[in-house]
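Residue numbers (the numbering used here): 62 to 219.
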């Protein structure tokens, strides 16, 4: 069993979200922010979610406030802000850290498996990771990679 499936996160409601519940499904994981210049990507991420959810794709947004304070919303308000402003229906977690001493275990794992250019640190909001049906991290995408550019990779693993 992949180490990925031993990990968990908390939904914005505080409810535990076990990665094991996604066994056999491809997952797109993103560190998100509601006040980032890249925030319009929520629309494209939601489109991927709507297009591929029937084929098993899970889209998980992990809000993060580590980059220029671009996630000022609380765990209670960010989900509604994403839904109202971008029609987001995919799962969001509570706010997490993606770098530093308090890096969330999911992002510790993702960065260990797919480091970035020169360093494994997350450089900005909307860094994306694609995980296959067996829990293997197959690709890391830069923050500026628009969601539509990920569709071909998703289609290969569905």
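For each residue, glycine too, the CB sits at the ideal point set by N, CA and C.
Please report how far the alpha carbon of residue i lies from the alpha carbon of residue j, in whole angstroms.
i	j	result
residue 136	residue 171	23 Å
residue 86	residue 195	8 Å
residue 158	residue 66	20 Å
residue 204	residue 186	6 Å
residue 306	residue 207	Summary: the structure shown does not reach residue 306, with the chain confined to residues 62 through 219, and so no result is reported for it.
residue 130	residue 115	35 Å
residue 108	residue 98	19 Å
Cutting at 7 Å between CB atoms, please list the residues of its own chain near residue i, excluding the five before and the five after it.
i	result
residue 77	69 and 71
residue 160	127, 182 and 183
residue 88	119, 121 and 192
residue 79	69
Starting from the C-beta of residue i, find all residues in its chain whose C-beta is less than 8 Å away, skip the five residues before and the five after it, and write them out in chain order.
i	result
residue 202	188, 189, 190, 191, 210 and 211
residue 165	70, 123, 157, 158 and 159
residue 64	170 and 196
Look at residue i and residue j and say whether their C-beta atoms are less than 7 Å apart.
i	j	result
residue 90	residue 121	yes
residue 139	residue 100	no
residue 73	residue 155	yes
residue 168	residue 119	no
Any heavy atom of the ligand MG closer than 6 Å to the CB of residue i?
i	result
residue 168	The model depicted lacks the ligand MG and carries no ligand whatsoever.
With DSSP collapsed to three states, give me the class of residue i.
i	result
residue 123	strand
residue 131	coil
residue 67	helix
residue 107	helix
residue 72	strand
residue 200	strand
residue 219	coil
residue 206	coil
residue 112	helix
Can you find the residues in the same chain that come closer than 6 Å, C-beta to C-beta, to residue i, ignoring five residues on each side of it along the sequence?
i	result
residue 11	Any answer about residue 11 is impossible in this case: the structure gives the chain only from 62 up to 219.
residue 199	191 and 193
residue 147	103 and 104
residue 81	66
Would you say residue i lies against chain C (beta-carbon separation less than 7 Å)?
i	result
residue 115	The structure shown contains no chain C; it is built from a single protein chain.
Could you pull out every unbroken beta strand (DSSP E) segment of at least 3 residues lying fully inside the region 137-198, listed in chain order? Every beta strand (DSSP E) of 3 residues or more that sits fully in the region 137-198 is shown, in chain order, as 189-192.
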